[in-house]
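Under the UniProt record's numbering, the first residue of the sequence shown carries the number 1, and numbering increases by one thereafter.
Note that CB positions come from ideal geometry on N, CA and C, so glycine has one too.
The structure appears right after this line, and notes come after that.
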Amino acid sequence: MNPLDEIAELFAGQGAEDYFGEAVTQAEHMYQAGFLAQRAGASDALIAAALLHDVGHFHGAVSGDELMQGTDNRHSHSGSDWLGQWFGPAVTEPVRLHVAAKRYLCAAEPEYFAKLSEASVFTLEVQGGPMTPEQVERFEAEPYYADAVALRRWDDEAKDPELETPGFDYFRPVLERLRGATG
């Protein structure tokens, strides 16, 4: 199966389910993140990362439901690993770092915490809480940390039940251009 068809099936299937206490589905959340990235003039790779950032909720030993019950599902890592079959680090690294970016922003910008949804506040604690100064320093040394921070901000905004966005087929050309760029 074409990997983009496989990803599209995730959006249409599991993606149509509730998004862990938010007012949108998982697919709507990811479409909104991709759309917000595109609207901000992001690169194709960062649009793809924003669109695909939560696919790890569908892959891995621990589901998103278990995350909401207090077990870290490390969806950023499992999603990045799975996407690495078809996409390069400009896509997969911001995905891998988007949870760390939430922890980073809570440490680097104390006012950021007040912008988190109730579900994000809960998962922040499950995922380790705000970073320590040493963790902030290590995070800022990551080559894709700035992209991950941008993705995180779109992730936080992408929970608007009133925001209509295009669906998967709209983003397919972007993903097609990037597919196979694993170097």
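(request) Can you give me the Cβ contacts of Ala101 inside the same chain, cut-off strictly under 6 Å, excluding the 5 residues immediately before and after it? (result) Cβ neighbours of Ala101 within its own chain (closer than 6 Å, five residues either side excluded): Ala148, Val149, Arg152.
(message) Quick check on DSSP: helix, strand or coil for Ser63?
(response) For Ser63, the predicted structure reports a pLDDT of 48, less than 50, and the residue's modelled location is therefore unreliable. A value from the coordinates is still provided. Assigned with DSSP and collapsed to three states, Ser63 falls in coil, not helix or strand.
(request) Please state whether DSSP places Thr132 in a helix, a strand or coil. (result) Coil.
(message) Considering only the alpha carbon of each residue, which of Leu46, Glu134, Ala48, Ala27 lies closest to Ala161?
(response) The sequence given here places Pro at residue 161; Ala does not occur at that position. Comparing Cα-Cα distances from Pro161 to each of Leu46, Glu134, Ala48, Ala27, the minimum goes to Ala27.
(request) Would you mind sorting Ala49 into buried or exposed? The rule is 16 or more other CB atoms within 10 Å of its CB. (result) It counts as buried.
(request) Pull up the DSSP beta-bridge partners for Thr92, would you. (result) For Thr92, DSSP assigns no beta-bridge partner whatsoever.
(request) Could you check if Gly79 is buried or exposed, using at least 16 other CB atoms within 10 Å of its CB as the buried criterion? (result) So Gly79 ends up on the buried side.
(request) Could you please give the first and the last residue of the uninterrupted alpha helix (DSSP H) stretch that includes Tyr145? (result) 145 to 157 is the span of the alpha helix (DSSP H), which, as asked, contains Tyr145.
(request) Pick helix, strand or coil for His98, following the three-state DSSP scheme. (result) Three-state DSSP puts His98 in a helix.
(request) Could you spell out where the alpha helix (DSSP H) holding Phe122 opens and where it closes? (result) Run containing Phe122: 118 to 126, per the alpha helix (DSSP H) assignment.
(message) Taking the alpha helix (DSSP H) that Glu6 belongs to, which residues open and close that run?
(response) Looking at the DSSP string, the run of the alpha helix (DSSP H) that includes Glu6 is 3 to 12.
(request) Let me know if Gly121 comes out buried or exposed under the rule of 16 or more other beta-carbons within 10 Å of its beta-carbon. (result) The sequence as given places Val at residue 121; Gly does not occur at that position. Under a 10 Å Cβ-count criterion, Val121 is classified as exposed, with fewer than 16 other Cβ atoms of the shown protein chains found around its own Cβ.
(request) Evaluate Lys115 with the Cβ neighbour count: other Cβ atoms within 10 Å of its Cβ, from every protein chain shown; 16 or more gives buried, anything less gives exposed. (result) When all chains shown are included, Lys115 counts as exposed.
(request) Could you give the DSSP three-state label for His75: helix, strand or coil? (result) Note: His75 maps to helix in three-state DSSP.
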